[in-house]
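Following: one structure in structure tokens, then a few remarks.
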Amino acid sequence: MSDPTRPAGPKIVAVANQKGGVGKTTTSINLAAALAEKGRKVLVVDLDPQGNASTGLGIEVDDRVLTTYELLLEDIDLNEAILPTAFENLSIIPATVDLSSADLELISNEKRSFLLHDALRQVQMDLFAFDYVLIDCPPSLNLLTVNAMIAAHSVLVPLQSEFFALEGLSQLMLTIREVRQSGNKELRIEGVVLTMYDQRNNLSLQVEQDARDYLGDLVFKTVIPRNVRVSEAPSFAMPVLNYDPASRGAKAYRDLASEFIRNNARQKVEA
């Protein structure tokens, strides 16, 4: 169903960190919303069985008829799985708890690591003219995450500003290296974004310093503050940019989107 001769489609970014509670889904939702607000057409692919990205973008469980599970395991057409959201320029392929069994079901499939890659490169993708696809990965380094990395052009890593934050990166970096060797040699690191940052807290400052010393320019200049509005927004089924457009969290994600767009424009020029 995929066509290797078709022109390159949207930039595909896997938002990944095997550690839970680092702001991965929050970053997927709000970066997507901020890019959409700037006029880019964005697709969020919910690859987490918890389905939090779907909930956070207002997709009711009853409306998730065809999901990432069917896209991976039942070979459905891409356009059947994509749903519009209430937010302009922003669409989603939702997820349900059914996806939790996908790892076991994928094992027997010869193309188990490339199913999402092929699904996102169906010719129907051209009909939507997306600029970016953000894949919200599960908080583990399983077959779903490997599918996301093989499908993606790059990996965006949310990093919580807390003790031991950098230690968890080593396994993720190892996985990225393995994916480069085994299935996607072009995969690169989009960047690391510091989340839940509290500039009054010495620990946040130390984690930032360590991250910048260790990873250099891979760390986004924009940091996402610890902000109650960001935490509240998902319970109202909307990004913080819509829930409280003037909040510090909304401003931070707009700044992140601007930096993301600038980085990608520079990469195109360098290429």
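As numbered in the UniProt record's numbering, residues 1 to 271 make up the sequence shown, in order.
Backbone N, C-alpha and C define an ideal beta-carbon position, used for all residues, glycine too.
Between which two residues does the alpha helix (DSSP H) holding residue 215 run?
Counting along the chain, residue 215 sits inside the alpha helix (DSSP H) bounded by residues 202 to 215.
I'd like to know if the region 14 to 32 and the region 162 to 179 are in contact, where contact means that at least 3 CB-CB pairs between them fall below 8 Å.
Between the region 14 to 32 and the region 162 to 179, the count of Cβ pairs shorter than 8 Å is three or higher; the stretches touch.
Minimum C-alpha distance to residue 94 - residue among 136, 249, 35, 176:
Checking every option, the nearest Cα to that of residue 94 belongs to 136.
Roughly how many whole angstroms lie between the Cα atoms of residue 42 and residue 121?
Here the alpha carbon of residue 42 sits roughly 15 Å from the alpha carbon of residue 121.
Whose C-beta lies closer than 6 Å to the C-beta of residue 280 among residues of the same chain, with five residues either side of it excluded?
In the structure displayed, the chain extends from 1 to 271; residue 280 sits before or after that span and is not available.
Would you list, in sequence order, the uninterrupted beta strand (DSSP E) runs of no fewer than 3 residues that lie entirely inside the region 230 to 255?
Taking only runs of at least 3 residues, no beta strand (DSSP E) segment lies wholly in the region 230 to 255.
Alpha carbon to alpha carbon, how far is residue 61 from residue 213?
Across the structure, residue 61 and residue 213 are spaced so that their CA atoms are roughly 43 Å apart.
Quick one, are the C-beta atoms of residue 227 and residue 254 less than 8 Å apart?
At the C-beta level, residue 227 and residue 254 stay beyond 8 Å of one another.
Here's a check: name, in chain order, each residue in its chain whose Cβ is nearer than 7 Å to the Cβ of residue 146, leaving out the five neighbours to either side.
113, 179.
Buried versus exposed call for residue 12 [16 or more other C-beta atoms within 10 Å across all chains shown]:
Taking every protein chain shown into account, the CB of residue 12 has 16 or more other CB atoms within 10 angstroms, so this residue is buried.
Expected contact under 8 Å - CB spacing of residue 53 and residue 28 to nearest Å
Sure, about 5 Å apart at Cβ, within 8 Å.
Can you tell which of 79, 143, 149, 142 has its C-alpha closest to the C-alpha of residue 126?
Comparing Cα-Cα distances from residue 126 to each of 79, 143, 149, 142, the minimum goes to 79.
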